[in-house]
Amino acid sequence: MADFRLPANSRIRKGTTHTAPEGAREVRTFRIYRFDPDSGENPRVDTFELEAGECGQMVLDALIRIKSTVDSSLTFRRSCREGICGSCAMNIDGVNRLACITSLHDLGREVRIYPLPHMPVVKDLVPDLTHFYAQYASVKPWLLAHQSPPPPDRERLQSKAEQEKIDRPAACILCACCSTSCPSYWWNSDRYLGPAALLAAYRWIIDSRDEAGGERLDALEDPFKLYRCHTIMNCTDVCPKDLNPARAIAEIKKMLVERQS
Amino acid sequence: MSLRSPLGRALGAGSAKEGVHHWWSQRLSAVALVPLSIWFVVSMLSLPSHDYAMVTAWMEQGWTPVFLILFVLTAAWHSHLGVRVVVEDYVHNSGTKSLALALVAFLHVVIAVAGVFAILKVAFGGAA
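Quick note, the sequences are listed as chains D and P, same order. With positions in the first sequence counted from 1, the corresponding number in my numbering is that position plus 6. With positions in the second sequence counted from 1, the corresponding number in my numbering is that position plus 7.
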């Protein structure tokens with residue numbers, strides 16, 4: 007029944023400490039999770055001390071600084087550095103967020119950085135998101151309108167009000183902050199779709215141009231795929247784009263009840 | 008290691024086309040339990056004493072047994088729905104899970120039947 011032993015590579019060792027350069031006036035400390043599967047060793051937490059003036063504004067700036075001046079083997083994903091690509095999602099001081107838009111001024115003198123919780127780790131701060139993306143693909147996040155042929159002379163039209171309904175849900179950047187903050191997703195991610203995929207499903211269910219709403223609801227009507235959501239609402243709490251996946255899931259549950267009576 | 012595609016793994020066994028009824032029953036029973044629990048607590052507090060004779064006398068009068076039976080059945084039903092989810096959440100071995108779910112179901116039926124039987128026995132004056 008219960009597993010009393012920790013899975014392999016769960017025990018975290020104390021790592022190396024890289025002290026601040028001599029003469030540093032103000033020091034910022036970063037405690038960063040490090041894991042290299044090729045080494046065969048358990049993960050460790052390394053400590054990096056930086057001169058505060060050289061950290062830059064955001065957590066990502068500090069990570070890049072560490073990588074280029076202290077330890078070039080530090081591994082993390084990043085791309086746009088403006089909160090639109092979703093690559094640098096990680097657990098910073100216990101909260102899932104994007105390193106590129108998390109200001110160091112909002113954090114304490116010491117910052118703890120871990121990969122997104124409860125995902126297999128590829129290396130250091132890089133989680134394996136294969137299953138997360140597959141779950142997103144499984145809700146068919148594209149327009150399904152095979153019944154009506156597209157108008158020959160123009161696009162499929164939508165009213166302004168109809169477009170506004172999907173504006174917010176469609177702004178999801180798939181950073182995985184929400185799903186990996188959800189305890190239900192931690193325990194049952196093999197079967198529970200998680201807030202991100204369900205938000206995407208909702209976005210297409212309410213799209214006025216889509217004709218597969220019924221099939222989409224059919225596919226979600228499952229004790230695990232949808233109903234593992236116990237309205238914990240960590241998803242809405244952490245979303246760096248201020249979206250509301252918890253609300254979307256509640257709306258899906260409502261639609262499922264409404265179509266029965 | 009499995010060579011099944013990530014999408015195949017995510018789709019799994021597909022949708023069970025179930026869950027709405029469970030979800031809705033849990034909400035409905037929760038709503039029903041609000042007045043029933045308040046009625047039960049208020050009744051208990053307003054009894055002058057809680058000795059056997061006083062409580063059985065209260066259980067015999069008027070609508071009390073009806074509300075008591077409703078309370079026991081709704082609470083058992085609601086509890087069954089909730090505990091079932093807890094088992095599904097945390098027990099991952101399929102054999103242990105089936106066994107735990109069966110035990111949970113039996114236990115709740117036993118509790119409900121025993122409760123209703125006790126109430127009826129007192130209400131019809133069978134318990135002296």
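Cβ atoms here follow ideal geometry from the backbone N, Cα and C, with glycine treated the same way.
Within 9 Å, strictly: CB atoms of residue i and residue j
i, j, result
"D:Phe36", "D:Glu57", "no"
"D:Cys235", "D:Ser190", "yes"
"D:Trp210", "D:Val128", "no"
"D:Gly92", "D:Leu104", "yes"
"P:Pro116", "P:Ala83", "The sequence as given places Val at residue 116 of chain P; Pro does not occur at that position. Yes, these two residues count as a Cβ contact at 9 Å."
"D:Pro157", "D:Leu163", "yes"
"P:Leu108", "P:Val94", "yes"
"P:His85", "D:Pro229", "no"
"D:Glu116", "P:Ala23", "no"
"D:Asp130", "D:Asp42", "yes"
"P:Val62", "P:Leu54", "yes"
"D:Arg87", "D:Gly59", "no"
"P:Ser9", "P:Leu88", "no"
Member of the options whose CA lies at the smallest distance from the CA of residue i
i, options, result
"P:Pro13", "D:Tyr191, D:Arg160 and D:Ala140", "D:Ala140"
"D:Val101", "D:Arg19, D:Thr242 and D:Asp216", "D:Thr242"
"D:Ala207", "D:Phe82, D:Ile255 and D:Cys245", "D:Ile255"
"D:Glu257", "D:Ile98, D:Thr237 and D:Ser185", "D:Thr237"
"D:Gly46", "D:Ser109, D:Ala14 and D:Pro189", "D:Ala14"
"D:Glu264", "D:Thr75, D:Lys231, D:Leu223 and D:Val132", "D:Leu223"
"D:Lys20", "D:Thr53, D:Met125 and D:Leu199", "D:Thr53"
"D:Leu66", "D:Thr75, D:Phe41 and D:Thr108", "D:Thr108"
"D:Lys231", "P:Arg11, P:Leu10, P:Met8 and P:Val27", "P:Val27"
"D:Ala143", "P:Arg11, P:Gly15, P:Met8 and P:Leu114", "P:Gly15"
"D:Gly6", "D:Leu262, D:Tyr233, D:Tyr198 and D:Trp193", "Chain D is shown from 7 up to 267; residue 6 of chain D falls before or after that span and cannot be answered."
"D:Thr23", "D:His152, D:Ser185, D:Asp196 and D:Val76", "D:Val76"
"P:Val90", "P:Asn100, P:Ala112 and P:Thr103", "P:Ala112"
"P:Gly19", "D:Ser195, D:Leu69, D:Asp173 and D:Asn97", "D:Ser195"
"P:Val41", "P:Thr81, P:Ala60 and P:Trp31", "P:Thr81"
"D:Leu204", "D:Arg17, D:Arg160 and D:Lys259", "D:Lys259"
Residues that residue i contacts on chain P, provided the C-beta gap is smaller than 7 Å
i, result
"D:Ala225", "Ser22"
"D:Lys259", "Trp30"
"D:Trp193", "Asp96 and Tyr97"
"D:Lys166", "Result: empty, since nearest Cβ-Cβ is about 33 Å, beyond 7 Å."
"D:Lys73", "Neighbours of D:Lys73 on chain P: none; closest Cβ ~29 Å, over 7 Å."
"D:Leu262", "Val27"
"D:Leu232", "Gly26"
Same chain, Cβ closer than 7 Å to residue i, neighbours up to 5 away in sequence not counted
i, result
"D:Ala182", "Ala95, Leu122, Leu135, Phe138 and Ala202"
"D:Met239", "Ala252"
"D:Leu150", "Asp216, Glu217 and Ala218"
"P:Thr71", "Trp65"
"D:Glu170", "none"
"D:Gly89", "Leu104, Cys106, Ile107 and Pro246"
"D:Asp99", "Leu113, Val117 and Arg118"
Which residues DSSP lists as bridging residue i, in chain order
i, result
"D:Leu56", "D:Arg34"
"D:Val268", "Since the first residue shown for chain D is 7 and the last is 267, residue 268 of chain D is missing from the structure and cannot be characterised."
"D:Lys73", "Answer is none; D:Lys73 lacks a bridge partner."
"D:Ile107", "Answer by DSSP bridge pairing: none, since D:Ile107 is not bridged."
"D:Tyr120", "D:Asn97"
"D:Met64", "D:Ser109"
"D:Lys129", "D:Val132"
"D:Asn102", "D:Asn97"
Contacts that residue i makes with chain D (C-beta to C-beta distance below 7 Å)
i, result
"P:Gly19", "Arg197"
Close Cβ partners of residue i (< 8 Å) along its chain, the five nearest in sequence each way excluded
i, result
"P:Gly132", "Glu67"
"D:Pro126", "Pro133 and Asp134"
Listed by chain order, chain P residues near residue i by CB distance under 8 Å
i, result
"D:Thr136", "Pro13"
"D:Gln141", "Ala17"
"D:Asp216", "Neighbours of D:Asp216 on chain P: none; closest Cβ ~18 Å, over 8 Å."
"D:Ser144", "Leu14, Ala17 and Leu18"
"D:Pro229", "Ala23, Glu25, Gly26, His29 and Glu95"
Same chain, Cβ closer than 6 Å to residue i, neighbours up to 5 away in sequence not counted
i, result
"D:Lys73", "Leu80"
"D:Ile3", "A question about residue 3 of chain D goes unanswered here, because the residues of chain D that appear run from 7 up to 267."
"P:Phe47", "Phe78"
"P:Ile126", "Pro72, Leu75 and Ile76"
"P:Ala17", "none"
"D:Cys245", "Cys184"
"D:Asp213", "Ile172"
Under 9 Å from the C-beta of residue i: neighbouring residues of chain P
i, result
"D:Gln266", "Val27, His28 and Trp31"
heavy atom of the ligand HEM below 8 Å from residue i C-beta
i, result
"D:His24", "Of ligands this structure carries none, so the ligand HEM is not represented either."
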